[in-house]
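Residue numbers (the numbering used here), protein chains in the order written: chain A, 2 to 78; chain B, 216 to 359.
For reference, the structure is listed below as structure tokens.
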Amino acid sequence: MEYTVISNTKVCGKVKDEKLTKDDILSAGGNVEFLLASGHIAAANVARVTPAVKEAPVRQQEEVPVFNSVNNEQGEI
Amino acid sequence: MARLVLTNVEVTIGAVDLSNHIASVTLGSTYDVVETTAFAGVSGAAGNVPLAAKTRVAGLVDNSVTFEFHQDFDASSVEATIYPLLGTVAAITVLPVNGAASATNPSYAFNAVISEWTPLNGAVGELATASVTWPITGPVTKTV
């Protein structure tokens, strides 16, 4: 598992945007959960999933019956 | 041997480098002194031991570290790093000069109990600081 330094402070000797492994963190006496929770590192190799957008089926327009606005009956206008 | 003016001490707490927010560091070790005076020693029978003098040996060592922090509430800075560690044991390393450990720049590594914290301390117009003394659990490992 790889992590990226996201804080402005050095973590395990790495600066912001540099990557480190779980072993790097453990050998430096760090705790992965703590560093994640306190905003020092973020998981690096999690692929960003963009949901596929499906094209909505084209609905055929139905013929709308015309109603007489006065007596609400279908008929001639 | 050159004297050293401290300007660039490296301090990492839980693998996070907080050197740029620490103004003072004191790493100390004190041994208990255990008295071993016995009748035979007081009698002067044991070589160089003077008459009626107490004898002692070193007992358990008590290590502690003291820091003066400049408080900072920014994301992933001092408060965000130390506050979650309160009441836990954290790995700490201290080097006289930021860089690689060597014979002239030894690294001291230890585990400290984060037993106290002062999130807010200071008077009007003063810098917000936090002075803490944390007891060390276990030995201090010196790497050269």
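A virtual CB, placed ideally from N, CA and C, is assigned to each residue, including glycine.
{"Query": "Check whether the Cβ atoms of B/Thr-227 and B/Ile-297 sit closer than 8 angstroms, and answer yes or no.", "Result": "no"}
{"Query": "Cα separation between A/Val-33 and B/Leu-301?", "Result": "17 angstroms"}
{"Query": "Between the stretch 239-252 of chain B and the stretch 270-279 of chain B, do three or more beta carbon pairs fall short of 8 angstroms?", "Result": "yes"}
{"Query": "Kindly say whether A/Ala-29, judged by its beta-carbon, lies nearer than 8 angstroms to any beta-carbon of chain B.", "Result": "yes"}
{"Query": "Would you say B/Ala-327 faces chain A, with C-beta separation under 8 angstroms as the test?", "Result": "no"}
{"Query": "Run through DSSP, which three-state label would B/Asp-277 get?", "Result": "strand"}
{"Query": "Whole angstroms is fine: what's the gap from B/Phe-282's alpha carbon to B/Phe-254's?", "Result": "45 angstroms"}
{"Query": "Would you mind sorting B/Ala-345 into buried or exposed? The rule is 16 or more other CB atoms within 10 Å of its CB.", "Result": "buried"}
{"Query": "Can you pull the chain B neighbours of A/Asn-32, defined as C-beta to C-beta under 7 angstroms?", "Result": "Gly-229"}
{"Query": "Of the residues B/Ala-343, B/Pro-334, B/Pro-321 and B/Ala-217, which one's Cα is nearest the Cα of B/Ala-238?", "Result": "B/Ala-343"}
{"Query": "Which of the residues in the stretch 294-316 of chain B, read from start to end, lie with their CB under 9 angstroms from any CB of chain A?", "Result": "Ala-295, Thr-296, Tyr-298, Pro-299, Leu-300, Thr-303, Ala-305, Ala-306, Ile-307 and Thr-308"}
{"Query": "On the criterion of 16 or more Cβ atoms from any shown chain inside 10 Å, does A/Glu-3 qualify as buried, or is it exposed?", "Result": "exposed"}
{"Query": "For a cutoff of 8 angstroms on Cβ pairs, would you count B/Ser-292 as touching chain A?", "Result": "yes"}
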